[in-house]
Amino acid sequence: MGSLLTPSLQAVTANKPTIVYLGTLLPAAAEIATSLSSHFNIIAYKPFSQEEFYNDLQSPTSPLAHASAILRLGGESTTGLANGWTIGVGRWTPTLPKTLSLLINMGHGLELEDIAGNAARGITIHSTAGGTDAAATVALYLVISAFRLLSAAEKAARTGDPKAFVGAMTRASKNSLEPSGKSVGIIGYGRIGKRIGQLLHALGMRVNYFNRNQKETNETGIAWNDLDEMVSAVDCIVLSCPYSRETHHILGRDRIKLMKPGARVVNVSRGKCVDEEALIWGIENGIIGGAGLDVYEFEPRISQKLLELDCVALLPHVGGLTT
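Residue numbers (the working numbering): 5 to 327.
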């Protein structure tokens, strides 16, 4: 059985609904759990494998078998599980306990979950949409870094080498750009996209956006009906769209060819929304002057070529992770 991290199982009673939290309760979550403990059984549980987790859910002797809700709200909760994983995917749906009514997965996207299959069993699936500000501020950071080439500058400073220090200053004076006054095109203008637009507008950027379900210009940005036209007109592309068949490689080689020379690319949506080979090609051929990535096409693996490009700022999918 996986590791039960609650102090005592004696508090688990049959007359209270059981909430299973995958992983160690962070301080803020622990405070909430304490306040709810009079109404719910709160079990913090760290599985060692996906199979073990689902076996425990079905074992009659396991308190997990009577769970009313399962929460996966932090990266630590998937420690030991190859490449991370998502609860509520199709092949696991039949194995979930009959008492289950709620699944919550960390993040904004629900592209992996079997929404219909779980709904048929009375299970509702939610994401953690409250991370809007967290994701948007990371996008702001990556836009600034992509224009100013700050990732390469920090790398040079961390060497402690005075020559590298001075060299970084010289390169910055020649190659970095001030984002204020530049135009940005945001692909996907939902909660996160709108918040990114507000932050970049405050930075002094001219905000444009493309969203399939929203065509009206607002006080922050100008709406475009044609994505290709927007891509060719702006100085920076920010992706904040959900992943789907329609958005797979929405930024590929054909669209990169339309971009202004030296334009920047920032991705805080899903890695597969960008064709990474095309992105690297665009950088190597001088079309893209800098990039900022929080997500990757094959994460958690990052392309070696991306690791070697000084003009690319890299983060390990931490956009929505704050406490």
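Where a beta carbon is used, it is the ideal one built from N, C-alpha and C, also for glycine. On a predicted model such as this, the values are computed, not experimentally measured, just so you know.
Contact between the segment 245 to 257 and the segment 222 to 229 (3+ Cβ pairs under 8 Å): no
For Arg-216, does the three-state DSSP call read helix, strand or coil? In the sequence shown, counting from the first residue as 1, residue 216 sits at position 212. Three-state DSSP puts Arg-216 in coil, outside helix and strand.
Closer than 7 Å to a non-hydrogen atom of the ligand FAD - does that hold for the CB of Asn-19? Of ligands this structure carries none, so the ligand FAD is not represented either.
One question on the structure: do Asn-215 and Val-188 come within less than 8 Å of each other, judged by their Cβ atoms? For the purposes of this step, residue 215 is taken as the residue at position 211 of the sequence shown. For the purposes of this step, residue 188 is taken as the residue at position 184 of the sequence shown. For Asn-215 and Val-188, no; Cβs fall outside 8 Å.
Note the first and the last residue of the continuous alpha helix (DSSP H) segment covering Leu-311. Numbered from its first residue, the sequence shown carries residue 311 at position 307. Per DSSP, Leu-311 belongs to the alpha helix (DSSP H) from 308 to 312.
Measuring only the C-alpha atoms, how far is Leu-325 from Ala-140? Here residue 325 refers to the residue found at position 321 when the sequence shown is read from its first residue. Here residue 140 refers to the residue found at position 136 when the sequence shown is read from its first residue. Going by the C-alpha atoms only, they are around 11 Å apart.
Please work out which residues of its chain come closer than 6 Å, Cβ to Cβ, to Leu-243, disregarding the five sequence neighbours upstream and downstream, and give them in chain order. As a working mapping, residue 243 is identified with position 239 in the sequence shown. Ile-191, Asn-271, Ser-273, Cys-277.
Cys-240 (DSSP reduced to helix, strand or coil): For the purposes of this step, residue 240 is taken as the residue at position 236 of the sequence shown. Strand, per DSSP.
Alpha helix (DSSP H) containing Gly-286: first to last residue? Within the sequence shown, numbered from 1, the residue matching residue 286 stands at position 282. That run of the alpha helix (DSSP H) goes 280 to 288.
What residues in its chain sit with their C-beta under 7 Å from that of Arg-199, if we drop five residues either side in the sequence? Residue mapping note: residue 199 aligns to position 195 of the sequence shown, counting from 1. The answer, listed in chain order, is Thr-136, Asp-137, Ala-140.
Give the single residue among Asp-258, Lys-261, Asn-217, Ala-267 whose Cα lies nearest to the Cα of Val-238. By 1-based counting over the sequence shown, the position of residue 238 is 234. Comparing Cα-Cα distances from Val-238 to each of Asp-258, Lys-261, Asn-217, Ala-267, the minimum goes to Ala-267.
Taking the CB atoms as reference points, tell me whether Leu-106 and Ala-69 lie closer together than 8 Å. Reading the sequence shown from its first residue, position 102 is the one you call residue 106. Reading the sequence shown from its first residue, position 65 is the one you call residue 69. Their beta carbons are not under 8 Å apart, which means Leu-106 does not touch Ala-69 by this criterion.
Below 6 Å CB to CB, which residues in the same chain sit around Pro-21 once its five sequence neighbours on both sides are set aside? Here the question's residue 21 lines up with position 17 in the sequence shown. Excluding positions up to five away in sequence, the list reads Phe-44, Ser-72.
Distance, Arg-305 Cα to Asp-232 Cα: Position 228 of the sequence shown holds residue 232. Position 301 of the sequence shown holds residue 305. Their Cα atoms are separated by approximately 30 Å.
Using three-state DSSP, classify Asn-59 as helix, strand or coil. Looking up residue 59 in the sequence shown gives position 55. Residue state, collapsed to three classes: helix.
Leaving out five residues before and five after Leu-144 in sequence, what residues of the same chain have Cβ atoms less than 8 Å from its Cβ? Indexing the sequence shown from 1 puts residue 144 at position 140. Taken in chain order, the residues that qualify are Ile-200, Leu-203, Leu-204, Leu-207.
For Arg-257, which of Ser-155, Ile-292, Cys-245 has the nearest alpha-carbon? Translated into the one-based positions of the sequence shown, residue 257 becomes position 253. Here the closest residue by C-alpha is Ile-292.
Considering just the uninterrupted stretch of the beta strand (DSSP E) at Arg-268, what are its terminal residues? Residue mapping note: residue 268 aligns to position 264 of the sequence shown, counting from 1. It spans 267 to 271 - the beta strand (DSSP E) in which Arg-268 sits, taken as one unbroken run.
Would you kindly work out how many angstroms separate the C-alpha atoms of Arg-259 and Val-235, rounded to a whole number? The residue given as residue 259 occupies position 255 in the sequence shown. The residue given as residue 235 occupies position 231 in the sequence shown. In a straight line, the C-alpha of Arg-259 is about 7 Å away from that of Val-235.
How big is the Cα-Cα spacing for Ser-180 and Lys-261? What you label residue 180 is simply residue 176 of the sequence shown in a count that begins at 1. What you label residue 261 is simply residue 257 of the sequence shown in a count that begins at 1. Each residue's Cα considered, the two are about 22 Å apart.
Hey, out of Val-24, Glu-55, Pro-98, Leu-255, whose CA is closest to Arg-76's CA? Here the question's residue 76 lines up with position 72 in the sequence shown. It is Val-24.
How should Val-316 be labelled, buried or exposed, when 16 other C-beta atoms within 10 angstroms of its C-beta is the threshold for buried? Looking up residue 316 in the sequence shown gives position 312. That one is buried.
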